[in-house]
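Chains as they are written, first to last, in full-length UniProt numbering: chain Z, 1 to 184; chain B, 1 to 184. In this text, a Cβ means the ideal position worked out from N, Cα and C, and glycines have one as well. Just so you know, these numbers come straight off a predicted model, no measurement behind them.
Number of protein chains: 2
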Amino acid sequence: MLEAATAEFGEHGYEAASVRAIARRAGVDPALVHHYFEGKSALVAEVVEVPLRPDRLVRDALDGPVDELGARLVRAVLSAWDSAGVRPAAVAALRSAIGQGPVARMLREFLRREIMHRIASRLGDDDRADAELRAELAASQIVGVIMVRYVLAFEPAASVSIDELVARVGPAVQWHLTGRPPGT
Amino acid sequence: MLEAATAEFGEHGYEAASVRAIARRAGVDPALVHHYFEGKSALVAEVVEVPLRPDRLVRDALDGPVDELGARLVRAVLSAWDSAGVRPAAVAALRSAIGQGPVARMLREFLRREIMHRIASRLGDDDRADAELRAELAASQIVGVIMVRYVLAFEPAASVSIDELVARVGPAVQWHLTGRPPGT
Chain Z
1 MLEAATAEFG EHGYEAASVR AIARRAGVDP ALVHHYFEGK SALVAEVVEV PLRPDRLVRD
61 ALDGPVDELG ARLVRAVLSA WDSAGVRPAA VAALRSAIGQ GPVARMLREF LRREIMHRIA
121 SRLGDDDRAD AELRAELAAS QIVGVIMVRY VLAFEPAASV SIDELVARVG PAVQWHLTGR
181 PPGT
Chain B
1 MLEAATAEFG EHGYEAASVR AIARRAGVDP ALVHHYFEGK SALVAEVVEV PLRPDRLVRD
61 ALDGPVDELG ARLVRAVLSA WDSAGVRPAA VAALRSAIGQ GPVARMLREF LRREIMHRIA
121 SRLGDDDRAD AELRAELAAS QIVGVIMVRY VLAFEPAASV SIDELVARVG PAVQWHLTGR
181 PPGT
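Here you go:
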């Protein structure tokens, strides 16, 4: 099934691939795919062998008041990346997303659909295009911290505590999410 | 000379490599290296064949009042990356910096020394360690926008104007630089 998923995502991308087509390719019933995997996003996590599920992290962080969402997102993402068992595979997945070719395209669609769209929806704005942009800018701040802390490993950013980063980066993320400085 | 520079940076990294050692390796006089290249940072730009000079961009942006530094940095970096002649090579250089091996190590040291340190120094703080962290967080926001706009190419972030991004991202960068919300 994983081979079939890899091939299907590679040919059609994340959005157009379907569990049904993956099952057909693997010669199994779609119900069997659903029995083993929760859905398309779970298949992506298996295909790229990443031990964290960014969509699940974000879904959990979205649960709670919007005016603390920035801090929750920063804490959830950094707590996951800080785990020694997760980091090498997470860095590898990030490198894949940045690369060229079908895996990169699949990962980008996955991130856009399962993360950006979900955050934008949670903002509950009338101006959906603006909410999408704000979600992307919030994500840009979080991706940037991941780059500086875990990939480029600049000091002191690589060594300060998560609490410190939540206190410093959370407000910037929050500003992007709501479009105004926190507390105003 | 470029071959010698590549080998020297690869073996010793950016900080420890010297123009003198590169000249020795190339079998030329150090004055000749200086005649063709302005210094180590110019050699890096040649070695990775990147048509923009991030150190020069940042040096220019540092020139001016600190309370508008965030906006100037965002505008300078995005204006450079927006140029069609620059982007493919810049994306390639970013991929190299994220990768593994000696080129990645050299690029990271280069970024840290020629960009982070310069920004931190410009902040003119007594608390130098904190200024370094703030410079890195400011850089994280800018790197994140580069990732979302040029590498992951998420829409609408990939298509909005530079003015729009300066208005939205500049304040977040400024907040990191000074450690307090802009205008306070």
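Nearest-angstrom Cα separation, counted from GLY64(B) out to residue 203(B): Outside the shown range of chain B, which is 1 to 184, sits residue 203(B), and nothing can be said about it.
GLN174(Z), DSSP secondary structure in three states: helix
Residue from LEU2(B), LEU57(B), PRO171(B) with nearest C-alpha to LEU32(B): LEU2(B)
Environment of ASP67(B) [buried if 16+ CB atoms lie within 10 Å]: exposed
Contact the region 110-118 of chain Z vs the region 20-36 of chain Z: 3+ CB pairs below 8 angstroms: no
Chain-ordered neighbours of PHE154(B) on chain Z, where CB pairs are closer than 7 angstroms: ARG112, MET116, GLU136
Through-space distance from ALA42(B) to ALA17(B), alpha-carbon basis: 13 angstroms
Supposed close pair ILE162(B), ASP82(B) - CB separation, criterion 8 angstroms: 6 angstroms
For LEU123(B), three-class secondary structure by DSSP: coil
Between the CA atoms of PRO156(B) and ALA129(Z) - distance to the nearest angstrom: 8 angstroms
Beta carbon proximity, GLY99(B) to chain Z, threshold 8 angstroms: yes
Spatially closest choice to residue 186(B) from ALA26(B), ARG56(B), ALA104(B), by CA coordinates: Here chain B comprises residues numbered 1 to 184, so residue 186(B) is not present and cannot be evaluated.
Rounded C-alpha distance that separates ALA71(Z) from GLN174(Z): 7 angstroms
Alpha helix (DSSP H) segments (min. 4 residues) lying fully within the region 64-95 of chain B: 69-82
Same chain only: Cβ atoms within 7 angstroms of LEU52(Z), ignoring 5 sequence neighbours per side: ALA80, VAL86, ALA90
Spatial neighbours of VAL28(Z) in its chain, beta-carbon cut-off 6 angstroms, leaving aside the 5 residues before and after: none
Pick from GLN100(Z), ALA104(Z), LEU94(Z), ALA84(Z) that is closest to PRO88(B), judged by C-alpha positions: GLN100(Z)
Contact set between GLU15(B) and chain Z, taken where Cβ atoms lie within less than 9 angstroms: The premise fails here: GLU15(B) is roughly 13 angstroms from chain Z at the closest Cβ pair, so nothing lies under 9 angstroms.
Secondary structure of MET1(Z), DSSP reduced to three states: coil
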